[in-house]
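Undergrad: Right, I'll just put the structure down here and ask away after.
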Amino acid sequence: GSSIIVCGVIIWAAASCNTTKKTTESIPAAGSESHNLPRAADYIGQKLDYRSFSGKTDLQVRTETQNQNLNLNVRMRKDQDIWTSVLAMGVLEAVRAYITPDSLFGLDRLSKTAYVLSYKEGMQLIRAEIPFPMLQNLIIGNPLIQDVPIANVEVKDSTILITQNDGAFRQVLTYHLRSH
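Mapped onto my numbering, the consecutive letters of the sequence shown carry residue numbers 323 to 502.
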């Protein structure tokens, strides 16, 4: 259903921002005494600290059969819940979803279908089996996995790529280099 699409679109949109780049220089994860090389810990230590978040975005969803322009509204309270609403044509609410650490409730107004699932069942349905805090990090823009050792740091042009592994997930963070 469409309520599941909302979660899938959020996850897809964030995942599609990842680009593959050839890197030209590797640097130690902990930084070094070199004057020109950035410290990776200075970048990954910057996280958005929030109690609540509210955001709106325009989406363009393309499938083999249709091309839709939609508006997505998201509200969330850290560690508590996520509300999403998708508007078609800017005014008609097509889908609404409410997600908590243990449940997913969805309402697809177009097909007149309601969903009541456990959080785990909802994530399995959209093929994104990630913990609730990781989903909130994805939406807010924080690293998905946190407090994990840095496996590799590479610099290319004006970006720094930081790779972390926790066994289940591999995360590559891309930051624009700051001017010193």
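C-beta: ideal position from N, C-alpha, C; glycine also.
How is N391 classed by DSSP in three states: helix, strand or coil?
TA: Note: N391 maps to strand in three-state DSSP.
Undergrad: Determine, using beta carbons only, whether V413 and L392 come nearer to each other than 7 Å.
TA: Going by C-beta atoms, V413 is not nearer than 7 Å to L392.
Undergrad: Residue range of the beta strand (DSSP E) that F375 falls in?
TA: Segment 374–384, the beta strand (DSSP E) holding F375.
Undergrad: Can you give the Cα-Cα distance for G353 and V475, rounded to whole angstroms?
TA: Only weak support exists for where G353 lies, its pLDDT of 43 falling under 50; the value from the coordinates is given anyway. The alpha-carbon atoms of G353 and V475 are separated by roughly 9 Å.
Undergrad: Apart from the five residues on each side of it in sequence, which residues of its chain come closer than 6 Å, Cβ to Cβ, to F491?
TA: Within the same chain, F491 has close Cβ partners I467.
Undergrad: Kindly indicate which three-state DSSP category D401 falls into: helix, strand or coil?
TA: In the structure shown, D401 sits in coil (DSSP, three-state: anything other than H, G, I, E or B).
Undergrad: Classify Q458 as helix, strand or coil using the three-state DSSP reduction.
TA: Three-state result, Q458: helix.
Undergrad: If E415 and R397 are in contact, beta carbons under 8 Å, what's the gap, nearest whole angstrom?
TA: The pair is not a contact, with the Cβ atoms about 14 Å apart (cut-off 8 Å).
Undergrad: In three-state DSSP terms, what is Q468?
TA: DSSP places Q468 in coil when its eight states are reduced to three.
Undergrad: Alpha carbon to alpha carbon, how far is L426 from I484?
TA: C-alpha separation (whole angstroms): 33 Å.
Undergrad: Could you name the residues of the same chain whose beta carbon sits closer than 6 Å to that of T422, not counting the 5 residues immediately before and after it, in chain order?
TA: Closer than 6 Å at the Cβ level, and outside the excluded window around T422, lie D403.
Undergrad: What's the gap between the Cα of G444 and the Cα of Y372?
TA: Looking at the two C-alpha atoms, the distance is approximately 25 Å.
Undergrad: Residues in the same chain with beta-carbon distance under 8 Å from K442, minus the five sequence neighbours each way, listed in chain order, please.
TA: Once the five neighbours on either side are set aside, the close Cβ partners of K442 are E451.
Undergrad: Is I484 helix, strand or coil when you go by DSSP?
TA: Looking at I484 - three-state DSSP - the assignment turns out to be strand.
Undergrad: Cβ of K369 within 7 Å of Cβ of N464?
TA: Result yes, Cβ atoms of K369 and N464 sit closer than 7 Å.
Undergrad: Give the secondary structure of A363 by DSSP, where H, G and I count as helix, E and B as strand, and everything else as coil.
TA: In the structure shown, A363 sits in a helix (DSSP, three-state: H, G or I).
Undergrad: Alpha helix (DSSP H) containing E443: first to last residue?
TA: Counting along the chain, the alpha helix (DSSP H) containing E443 begins and ends at 441–447.
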